[in-house]
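Here the structure is laid out as structure tokens; the discussion comes afterwards.
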Amino acid sequence: MPPAQPRPAPEPAVRNAPSDSTLSSKNRRSQMSFNETSICVYGPTLPFLENAGILGPIPEGFDFEGRTIMPDGISRFGLPLGIRIQRNVEIERYNERKLVNSQTLCDSLGPLAPSLIRQITAARAKGKKEAELARQAEKEKEKEVESSLWGKLMGTMEMQKPVRRAFGEAKEIVIPTIYLLNIRNRLIPPLHFFTNSCIELVHTSPQIIHTKFVRPYGVDEQSGDKVQLLDLGKMINLWGNDDTNECLSPLRFLEASKNLLAALRLLCKAPTESLEDTAAPTNNSTNYAIEYERHLTYFKH
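Numbering (numbering that gives the first Met the number 0), first residue to last: 0 to 300.
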């Protein structure tokens with residue numbers, strides 16, 4: 000019996016080659032930028048198009064042309080080209096700034112392209128140079144402001160109308176207005192209130208002076224305006240009275256009397272008179288200043 004001949008292997012099934020229209024559709028499809036991760040392969044096993052939601056195998060007459068039409072809701076070309084370019088430029092600049100300003104971000108992204116590394120290095124060097132120039136400009140501006148301030152301060156302490164005084168001469172005492180108001184309204188302060196030290200305190204430290212509002216002397220109408228005077232009760236408790244030597248020594252008596260006489264001369268002076276006219280009485284004229292000067296002269300001698 001002759002040996003058995005081996006059976007020939009079955010010929011592989013021959014599939015119909017895709018038509019020209021199908022190949023042209025396939026070529027056009029490969030040139031389009033779809034968001035698909037699978038590629039259509041003709042063969043026994045056809046993977047499905049996962050992102051497109053199409054399960055394989057894909058039939059030969061599959062409508063590729065219909066898949067090339069973009070839905071209305073996700074149109075990528077709704078914005079004008081100029082606006083799209085502008086947005087892309089802004090995004091690129093933002094990404095570059097993030098990379099330039101954060102070395103940690105560069106390290107987390109892994110090895111970067113050499114060209115990008117050179118670009119980041121150049122941008123950082125440029126930023127440092129600009130920051131240094133800004134600091135120098137700020138320093139120059141501060142110097143200009145300081146020099147302008149010095150220019151404004153120069154000469155500000157120069158006396159415009161200096162008062163020449165002789166050596167040992169006492170400075171002129173200005174009687175406070177509130178003292179004059181008290182005398183005018185018959186609320187005369189104690190004599191030691193007229194010493195130079197007390198008058199200087201009234202001028203330099205008005206916050207420690209106790210005052211009150213009262214109606215002017217001789218005004219009976221309740222609707223009249225009030226004037227601000229020294230609160231003598233509180234001020235005597237603060238500065239003391241004339242009964243003690245600490246408040247009114249012989250030397251302080253002369254000093255205070257001189258200032259009180261100056262205050263009376265101011266109150267007795269007519270608008271057209273001078274203080275010399277007030278201090279030089281005639282036989283038929285008299286006033287409070289003249290009478291007090293006679294009183295003071297009597298006690299001095």
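All C-beta atoms in this analysis are idealised placements derived from N, C-alpha and C, irrespective of residue type, glycine included.
As the structure is a computational prediction, the values presented were derived from the model and not from experiment.
>> Using beta carbons (cut-off 7 Å, strictly below), is L104 in contact with chain C?
In response: Of the protein chains in the structure, only one exists, and it is not chain C.
> So what does L228 bridge to, in DSSP terms?
Replying inline: K211
> Among R185, F61, H294 and E89, which has the Cα closest to the Cα of G217?
Replying inline: The shortest CA-to-CA distance from G217 to any of R185, F61, H294 and E89 is the one to R185.
> Which whole-angstrom value describes the C-beta separation of R251 and T194, a residue pair presumed to lie in contact below a C-beta threshold of 8 Å?
Replying inline: 5 Å
> Around the C-beta of Y93, are 16 or more other C-beta atoms found within 10 angstroms, so that it is buried, or is it exposed?
Replying inline: When all chains shown are included, Y93 counts as exposed.
> Can you tell me the Cα-Cα spacing of L22 and M69, whole angstroms?
Replying inline: Unreliable positioning characterises L22 in this predicted model, as indicated by a pLDDT of 44, which lies under 50. A coordinate reading is not provided.
>> With H, G and I counted as helix, E and B as strand and the rest as coil, what does DSSP make of I174?
In response: coil
> Do you know whose CA, among P249, I208 and I289, lies nearest L231's CA?
Replying inline: Residue nearest to L231 within the set P249, I208 and I289 is I208 (criterion: CA-CA distance).
> Which value, in whole angstroms, describes the spacing of the CA atoms of N317 and A261?
Replying inline: The structure shown does not extend to residue 317, since the chain is modelled only from 0 to 300, so the question has no answer here.
> Can you name, in chain order, every residue of its own chain whose Cβ lies under 6 Å from the Cβ of P189, other than the five neighbours on each side?
Replying inline: Beyond the five residues adjoining it in sequence on each side, P189 comes within less than 6 Å, by CB distance, of N240 and D241 in the same chain, given in chain order.
> If we count the other Cβ atoms within 10 Å of its Cβ and call it buried at 16 or more, is S101 buried or exposed?
Replying inline: exposed
> Taking DSSP as the reference, what is the three-state secondary structure of R251?
Replying inline: helix
> Which residue's Cα is closest to the Cα of F192: F61, I235, L98 and T176?
Replying inline: Minimum Cα-Cα distance from F192 among the listed residues F61, I235, L98 and T176 corresponds to I235.
> How is G65 classed by DSSP in three states: helix, strand or coil?
Replying inline: helix
>> Can you tell me whether Q102 is helix, strand or coil according to DSSP?
In response: helix
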